[in-house]
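Written below as structure tokens is the structure these notes are about.
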Amino acid sequence: VLSMEIYASAVLEATLLPMPKPKESWREEMNKLAARAHRTYNSVVRENSDFVPYFRRITPLNALSQLPLGSRPAKRKQEG
55 VLSMEIYASA
65 VLEATLLPMP
75 KPKESWREEM
85 NKLAARAHRT
95 YNSVVRENSD
105 FVPYFRRITP
115 LNALSQLPLG
125 SRPAKRKQEG
């Protein structure tokens with residue numbers, strides 16, 4: 055019963071109360087964090103010559119290529 059009460063109050067709070075506007079200082083910090091993450095990603099993935107061989111060595115590309123992955127069909131059969 056308590057978990058249902060917590061769930062219901064959380065749903066009501068999230069749907070009925072307006073979202074607080076983020077402070078400008080928060081936006082500035084998030085922009086700094088995003089810029090740093092972007093630089094770090096690029097330095098690891100694009101600028102490190104060891105990354106691609108490492109990625110190929112640890113990733114089961116052959117197994118992944120055999121999985122039935124793909125986008126969903128544009129049109130589904132009527133019978134199900």
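Mind the numbering: the sequence shown is residues 55 to 134 in my numbering, read in order.
Note that the Cβ used here is the ideal one computed from N, Cα and C, for glycine as well.
Quick caveat, the model's predicted, so the values are computed rather than measured.
Just curious, the alpha helix (DSSP H) that R111 is in, first and last residue?
For R111, the enclosing alpha helix (DSSP H) covers residues F105 to I112.
State the DSSP-derived secondary structure class of S63, mapped to helix, strand or coil.
helix
For R100, which three-state DSSP category applies?
coil
Give the secondary structure of S125 by DSSP, where H, G and I count as helix, E and B as strand, and everything else as coil.
coil
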